[in-house]
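Just below is one structure, and these are the notes that go with it.
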Amino acid sequence: MEEDKERSPLRMSFNPLVIDDLGAKLYSTLPPVIAELIANGYDACASRVNLDFIEGDKKKIIVYDDGLGMSYEEINDKYLRIGRKKRINDEQSKCGRLSIGKKGIGKLAFFGIAGCAEIETVHEGKGVRFEMDWDKIEGSSGDYEPAFAILENPSISKGTKITLTKIFKKSDFDIDSIKKSISNYFVFDETFRVYIRKNPSEEYTEIDNELRYVQKGRLEEFSWSFPEFGIERMGEEFDFVKDIKGKIILFDKPVRSDIRGVTLFSRRKLVNLAEFFPVQGSSYFYQYLSGWLEVDFVDDFVPDVISTNRSSLNWNDEKLTELKRFLKRVISLIHGEWRERKKKKTEETVNRRLGVSVTEWKESNKNNPTITKNIEKLSSVLDDPEKTESDCVEKFADMIYELAPK
4 MEEDKERSPL RMSFNPLVID DLGAKLYSTL PPVIAELIAN GYDACASRVN
54 LDFIEGDKKK IIVYDDGLGM SYEEINDKYL RIGRKKRIND EQSKCGRLSI
104 GKKGIGKLAF FGIAGCAEIE TVHEGKGVRF EMDWDKIEGS SGDYEPAFAI
154 LENPSISKGT KITLTKIFKK SDFDIDSIKK SISNYFVFDE TFRVYIRKNP
204 SEEYTEIDNE LRYVQKGRLE EFSWSFPEFG IERMGEEFDF VKDIKGKIIL
254 FDKPVRSDIR GVTLFSRRKL VNLAEFFPVQ GSSYFYQYLS GWLEVDFVDD
304 FVPDVISTNR SSLNWNDEKL TELKRFLKRV ISLIHGEWRE RKKKKTEETV
354 NRRLGVSVTE WKESNKNNPT ITKNIEKLSS VLDDPEKTES DCVEKFADMI
404 YELAPK
């Protein structure tokens with residue numbers, strides 16, 4: 004890349020071991036790396052991020068956001084400063100968004116999946132392109148001066164485009180898997196959308212919130228929306244209840260293990276992977292449970308309670324005591340309501356199948372103790388939602404009918 008001779012060089016000062024620890028070692032798989040680059044777009048006030056995964060002899064990944072971009076000075080003073088804490092200096096962006104990035108190290112994430120990144124950025128009509136190459140960084144003495152160029156005719160009109168090359172992954176990109184993984188990292192809305200495609204010949208498809216819970220052969224059976232449920236059931240118990248948004252879902256069949264439990268987000272990005280916040284003696288219930296809650300206030304705590312890669316909270320920190328108690332209370336209440344709703348639905352299914360209620364069926368056979376006893380045994384199973392799969396209810400009803408047909 005041709006350098007601009009009239010400007011002082013771009014410079015990044017660092018210890019190469021730090022780059023390795025915060026890049027390749029902290030981010031070693033594709034989804035969290037892409038999530039960090041998407042987060043950069045969010046912090047730059049982007050409304051759209053495009054992801055391109057290009058196959059071929061020279062694989063590429065291109066991440067483009069239509070945000071504010073960076074000036075030459077911002078690249079030097081901010082982007083190339085490793086470990087610069089955004090929250091201290093830039094808590095709120097120009098568009099009013101609270102920053103997702105915190106420790107200033109997410110920019111190194113791509114070194115976990117690629118050896119080189121070309122970054123083109125346009126701010127207020129002025130374009131800059133520079134390169135970050137791991138081999139050159141590793142071979143430097145601690146001061147890395149990336150090749151750069153001031154662009155008269157940039158390839159983008161605004162925002163930032165990051166092109167990753169020297170991709171470590173040799174197998175083909177699994178776009179469907181990547182889409183599902185990325186959907187686990189963010190809460191999207193009309194102000195921030197992400198699109199993905201494999202190779203330029205294909206159309207972009209949107210990654211949305213619903214994709215997180217799409218599962219073949221599984222349907223949403225019951226759900227609880229927040230803050231409504233929290234306010235109704237715990238409004239006087241927790242001060243922050245009105246600020247927690249989201250949805251908890253019980254499916255009709257067991258869900259994938261990676262989304263089993265409640266996922267927590269703050270400022271629209273993942274802060275805690277799906278977790279159970281267990282209610283004693285309800286392992287069956289957890290197989291069907293999924294959902295998410297937005298707990299933005301955890302980003303305000305000092306010292307920080309969010310892990311560096313934003314995948315877990317430090318639950319040993321006393322500042323999270325009330326949140327943990329709230330989550331356990333939520334799960335306990337939903338477990339109880341789920342049992343009642345499930346029992347009612349089972350009764351309705353059996354009654355529809357038999358034409359009368361089990362009680363009436365039993366009464367009509369009261370002169371036959373053997374039949375009555377067997378109906379009671381089957382009824383006891385149907386009365387416990389944690390003993391009966393949804394698709395087995397009609398089979399039980401048929402068994403009752405066979406014991407004492409009309």
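For what it's worth, the numbering used here labels the leading residue of the sequence shown as 4, then goes sequentially. Heads up, the beta-carbon is just placed ideally off N, CA and C, and yes, glycines get one too. Note that the structure is predicted; figures quoted are calculated from it, not measured.
Distance check for residue j and residue i, CA to CA, integer angstroms please.
{"i": "Lys169", "j": "Ile178", "result": "19 Å"}
{"i": "Met73", "j": "Glu240", "result": "45 Å"}
{"i": "Arg259", "j": "Asp307", "result": "31 Å"}
{"i": "Cys119", "j": "Leu267", "result": "33 Å"}
{"i": "Gly1", "j": "Gly44", "result": "Residue coverage of the chain in this structure runs from 4 to 409, which leaves residue 1 outside it and unanswerable."}
{"i": "Leu111", "j": "Arg14", "result": "15 Å"}
{"i": "Glu193", "j": "Arg270", "result": "15 Å"}
{"i": "Val301", "j": "Glu231", "result": "20 Å"}
{"i": "Ser204", "j": "Gly109", "result": "30 Å"}
{"i": "Gly330", "j": "Asp242", "result": "In the sequence on display, residue 330 carries Leu and not Gly. Cα to Cα, Leu330 sits roughly 14 Å from Asp242."}
{"i": "Arg355", "j": "Val282", "result": "33 Å"}
{"i": "Ser310", "j": "Val274", "result": "8 Å"}
{"i": "Thr163", "j": "Glu350", "result": "57 Å"}
{"i": "Arg344", "j": "Asp46", "result": "42 Å"}
{"i": "Asp80", "j": "Pro12", "result": "12 Å"}
{"i": "Ile234", "j": "Tyr82", "result": "42 Å"}
{"i": "Asn2", "j": "Arg313", "result": "Nothing in the structure corresponds to residue 2, since the chain is present only between 4 and 409."}
{"i": "Lys365", "j": "Pro388", "result": "21 Å"}
{"i": "Ser315", "j": "Ser144", "result": "35 Å"}
{"i": "Leu167", "j": "Glu340", "result": "49 Å"}
{"i": "Leu214", "j": "Arg51", "result": "18 Å"}
{"i": "Met135", "j": "Lys272", "result": "26 Å"}
{"i": "Leu40", "j": "Ile140", "result": "20 Å"}
{"i": "Glu77", "j": "Lys182", "result": "31 Å"}
{"i": "Ser383", "j": "Lys398", "result": "15 Å"}
{"i": "Arg196", "j": "Leu276", "result": "21 Å"}
{"i": "Glu405", "j": "Tyr216", "result": "38 Å"}
{"i": "Phe304", "j": "Leu326", "result": "12 Å"}
{"i": "Gly220", "j": "Lys256", "result": "8 Å"}
{"i": "Ser184", "j": "Val190", "result": "13 Å"}
{"i": "Thr375", "j": "Asn368", "result": "6 Å"}
{"i": "Val66", "j": "Lys161", "result": "13 Å"}
Between residue i and residue j, how many whole angstroms is the CB-CB distance? I'm expecting something under 8 Å.
{"i": "Ser286", "j": "Ile252", "result": "That belief does not hold up - the Cβ atoms of Ser286 and Ile252 are roughly 18 Å apart, past 8 Å."}
{"i": "Ile103", "j": "Ala150", "result": "With 8 Å as the limit, Ile103 and Ala150 do not qualify as a contact, their Cβ atoms being about 29 Å apart."}
{"i": "Val298", "j": "Ile247", "result": "6 Å"}
{"i": "Gly249", "j": "Phe229", "result": "5 Å"}
{"i": "Glu264", "j": "Tyr291", "result": "In the sequence as displayed, the identity of residue 264 is Gly instead of Glu. No, Gly264 and Tyr291 are not in contact; Cβ-Cβ is about 11 Å, not under 8 Å."}
Return the residue from the list the options that minimises the CA-CA distance to residue i.
{"i": "Cys48", "options": "Tyr30, Met15, Asp261, Asp68", "result": "Asp68"}
{"i": "Tyr198", "options": "Val190, Thr208, Ser204, Tyr147", "result": "Thr208"}
{"i": "Asn377", "options": "Val353, Met402, Asp386", "result": "Met402"}
{"i": "Phe113", "options": "Trp137, Lys347, Ile247, Ser204", "result": "Trp137"}
{"i": "Gly115", "options": "Thr324, Leu29, Gly339", "result": "Leu29"}
{"i": "Tyr147", "options": "Asn354, Arg84, Thr373, Gly238", "result": "Arg84"}
{"i": "Ile328", "options": "Ser315, Phe279, Arg132", "result": "One detail in the question is off: residue 328 reads as Arg in this sequence, not Ile. Answer by Cα proximity: Phe279."}
{"i": "Tyr75", "options": "Leu40, Pro372, Arg10", "result": "Arg10"}
{"i": "Leu222", "options": "Phe254, Asn202, Phe191, Arg200", "result": "Phe254"}
{"i": "Ser96", "options": "Phe189, Ser315, Gly70, Lys183", "result": "Gly70"}
{"i": "Lys201", "options": "Ile374, Lys369, Ser382, Ile64", "result": "Ile64"}
{"i": "Val361", "options": "Ile165, Tyr216, Gly142, Asp386", "result": "Asp386"}
{"i": "Glu121", "options": "Gly142, Leu101, Ser158", "result": "Ser158"}
{"i": "Arg132", "options": "Ile165, Asn371, Gly238", "result": "Ile165"}
{"i": "Ala117", "options": "Glu123, Thr124, Gly142, Phe171", "result": "Phe171"}
When DSSP builds the beta bridges, which residues end up paired with residue i?
{"i": "Leu267", "result": "Asn275, Leu296"}
{"i": "Cys119", "result": "Asp136, Thr168"}
{"i": "Trp227", "result": "Ile251"}
{"i": "Lys129", "result": "His126"}
{"i": "Gln95", "result": "Leu101"}
{"i": "Met15", "result": "Tyr147"}
{"i": "Leu54", "result": "Val66, Ile199"}
{"i": "Leu154", "result": "Gly130"}
{"i": "Asp246", "result": "Paired residue(s): none; Asp246 is not in a bridge."}
{"i": "Thr163", "result": "Asp68, Thr124"}
{"i": "Thr208", "result": "Ile199"}
{"i": "Leu316", "result": "Ile309"}
{"i": "Thr60", "result": "Reading off the sequence shown, one finds Asp at residue 60, where the question assumed Thr. Its beta-bridge partners do not exist; DSSP assigns none."}
{"i": "Asp192", "result": "Phe195"}
Practice prompt. Evaluate the contact criterion for the stretch 126 to 136 versus the stretch 178 to 190: three or more CB pairs, one atom per stretch, below 8 Å.
Written response: no
Worksheet item: With contact counted as at least three CB pairs below 8 Å, one residue from each stretch, are the stretch 208 to 228 and the stretch 318 to 325 in contact?
Response: no
Discussion item. Taking 8 Å as the cut-off, does the stretch 146 to 155 touch the stretch 33 to 53 (at least 3 CB pairs, one atom from each stretch)?
Written reply: no
Discussion item. Does the structure place the stretch 330 to 339 close enough to the stretch 49 to 64 that three or more beta carbon pairs sit under 8 Å?
Written reply: no
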